[in-house]
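Below: the structure, in structure tokens.
Protein chains: 2
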Amino acid sequence: MRLHGILVFGADQPRGLAGECRERSAVPRLVDHEARRRTIAQAVFEVIGSRGLEAVSLRDVAAQAGVSMGAVQHYFKSKDQMLLFALDHVRDRALARMRHELSALGEPTAKEMIRAAARAMLPVDEQGRQEAIVSGAFYAVATVNPSYAGLLREGYARLLGVSRQSLRAAEQAGEITEAIDTDREAAMLFFMIQGLIGPVLIGILSPADALALVDHQLDRIFR
Amino acid sequence: MRLHGILVFGADQPRGLAGECRERSAVPRLVDHEARRRTIAQAVFEVIGSRGLEAVSLRDVAAQAGVSMGAVQHYFKSKDQMLLFALDHVRDRALARMRHELSALGEPTAKEMIRAAARAMLPVDEQGRQEAIVSGAFYAVATVNPSYAGLLREGYARLLGVSRQSLRAAEQAGEITEAIDTDREAAMLFFMIQGLIGPVLIGILSPADALALVDHQLDRIFR
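Protein chains in written order, with the working numbering: chain A, 278 to 500; chain B, 278 to 500.
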């Protein structure tokens, strides 16, 4: 679910979960509303990232965003709506960061691209740490709340798809070791990276150790 | 941190986080206290498993455990103390389940043992699902709370150690494919299994698909 630039709740538009409101609009005055919603989503993100999901209250979010509680209520009709929008926001942020890191590579090989994507998924810097904390909080909610689980499933499926496509493309380019089952390896690599996020965040593995494990897998998969 | 049988807060004993209270006692009357604390921990577990960590209140836990709110307060002086004890309880439960599954194997090969341990870590049945939900909730708290992070680090380190020892033993028994770096493979296998838990719980992977990925890794590692 992508919500880029679609964030306007007009008075006569339907209200519901963030994902139900996908209307795009070219009317300039609406841009402020989008910016305001993103500011609030970023505030939710920051409150979760520093104090956890349980700490998210209307009051804290308003204070963090520097807006009134009424303004938060204007944009989000329920806490769930606000959190789901914030979840989408964190994913957009993470994807934008990944794209940025990939574009910095110039003309990377498939292996270099996958490594950079893995690096962007791991909490190796402060931004990545914050995103991993927020994602972890949402994951915990998703285990008992189907709306969140649906969003997370989409996110997993999309990233897993990208992982598979990357290895298939590399295989066609002759870059993969023989006897490698690319679809399976793509899944294993993706799930291993997912499994490294928590240990790095909790401090049992350094980011460098985690990346060394990724490299070890990539060295085995690629010629 | 293990709290088996050490669960008594007498009037003149220090109070604090569960981990600070490690005194063992052989006095029979104390057994009831331990049972009571375990009952409450199990109630915490059930509330988290069905409604999430945010839903855990003194009232709900007392109702679920079938005891008075005063009784809960008698055994746990703070919500944190209660949750940390419950975290320990869920790990004991998970380890007991793992031991039970391993003992059911009779005389397993190293590969069979590791597969059974992986199966016990994945949410393949209702018990495993509940434990995974509760662990996920604690993980989310641990990302912003050092006491919880410390407990999780210990848990990760212990399981990672078991994973390494198992593969080293298998290597000495000549069961490992040549050119396999057992320590690295043990880490990758462990973290991949960790990374499979969420996707199985959220429903993007079936338990069978997750186990097939584990098998694929094991087939590569073992002769």
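Every residue gets a Cβ at the ideal spot worked out from N, C-alpha and C, and that includes glycine.
Spanning the alpha carbons of residue 328 of chain A and residue 453 of chain B requires a straight line of approximately 45 angstroms.
Spanning the alpha carbons of residue 402 of chain A and residue 406 of chain B requires a straight line of approximately 32 angstroms. The beta carbon of residue 387 of chain A sits closer than 8 angstroms to those of 443, 444, 446, 447, 450, 452, 499, all from its chain and outside the five residues before and after it, given in chain order.
Neighbours of residue 476 of chain A across chain B, judged by C-beta separation under 7 angstroms: 433, 468.
In the structure shown, the three-state DSSP call for residue 453 of chain B is strand. The Cβ neighbour count for residue 465 of chain A, taken over all protein chains shown within 10 Å, is at least 16; the residue is labelled buried. Out of B:491, B:383, B:424, the CA that lies nearest to the CA of residue 358 of chain B is found in B:424. Taking the CA atoms as reference points, residue 412 of chain B sits about 16 angstroms from residue 469 of chain B. Within chain A, the C-beta atoms nearer than 8 angstroms to that of residue 479 of chain B come from 416, 419, 420, 426, 429, 430, 433, in chain order. In this structure, residue 395 of chain B keeps its C-beta atom at 7 angstroms or more from the C-beta atom of residue 321 of chain B.
Taking a contact as a CB-CB distance under 8 angstroms, the pair residue 417 of chain B and residue 417 of chain A counts as one, their CB atoms being some 4 angstroms apart. Annotation: the continuous alpha helix (DSSP H) that includes residue 417 of chain A extends over 403-419. The segment 375-387 of chain B makes no contact with the segment 327-345 of chain B: fewer than 3 CB pairs, one atom from each, lie closer than 8 angstroms.
Within the model, the alpha-carbon separation for residue 312 of chain A versus residue 457 of chain A is close to 46 angstroms.
Proximity of residue 471 of chain A to chain B, defined by a Cβ-Cβ separation below 7 angstroms, is satisfied.
Around residue 490 of chain A, the beta-carbon contacts reaching into chain B at under 8 angstroms are 461, 464, 465, 468. For the 7 angstroms CB-CB criterion, residue 487 of chain A and residue 473 of chain A form a contact. Bounds of the alpha helix (DSSP H) holding residue 459 of chain B are 459-479. A distance of 7 angstroms or more separates the beta carbons of residue 410 of chain B and residue 480 of chain B. Apart from sequence neighbours up to five positions away, the residues of its chain that approach residue 437 of chain A with a beta-carbon distance below 8 angstroms are 463, 464, 467, ordered along the chain. Legend: CB atoms of the segment 329-344 of chain A lying less than 7 angstroms from CB atoms of chain B belong to residues 329, 330, 331. Going by beta carbons, residue 364 of chain A and residue 428 of chain A fall inside the 7 angstroms limit. Residue environment: residue 377 of chain B is assigned as exposed (fewer than 16 neighbouring CB atoms within 10 Å of its CB, all protein chains considered).
Residue 499 of chain B is bridged by DSSP to B:453.
Between residue 366 of chain B and residue 397 of chain B, the beta carbon gap of about 17 angstroms keeps them out of contact (Cβ cut-off 8 angstroms).
The shortest C-alpha to C-alpha distance from residue 441 of chain A to any of A:460, A:471, A:455 is the one to A:460. Between the alpha carbons of residue 362 of chain A and residue 372 of chain A lies a distance of about 15 angstroms. Look at residue 330 of chain B here: in three-state DSSP terms it is helix. For residue 353 of chain A, no alpha helix (DSSP H) run applies, since DSSP gives it neither H nor E.
Cβ atoms of residue 400 of chain A and residue 478 of chain A come within 8 angstroms of each other, at about 5 angstroms. Of the residues B:333, B:314, B:455, the one whose Cα lies closest to the Cα of residue 348 of chain B is B:314.
In this structure, residue 476 of chain B lies near residue 433 of chain A, with their beta-carbon atoms less than 7 angstroms apart. Counted as a single uninterrupted DSSP element, the alpha helix (DSSP H) harbouring residue 338 of chain B occupies residues 335-342. For a Cβ distance threshold of 7 angstroms, nothing in chain A lies close to residue 442 of chain B: the least Cβ distance comes to about 17 angstroms.
Inter-residue distance for residue 380 of chain A and residue 374 of chain B is about 47 angstroms (C-alpha atoms, whole angstroms).
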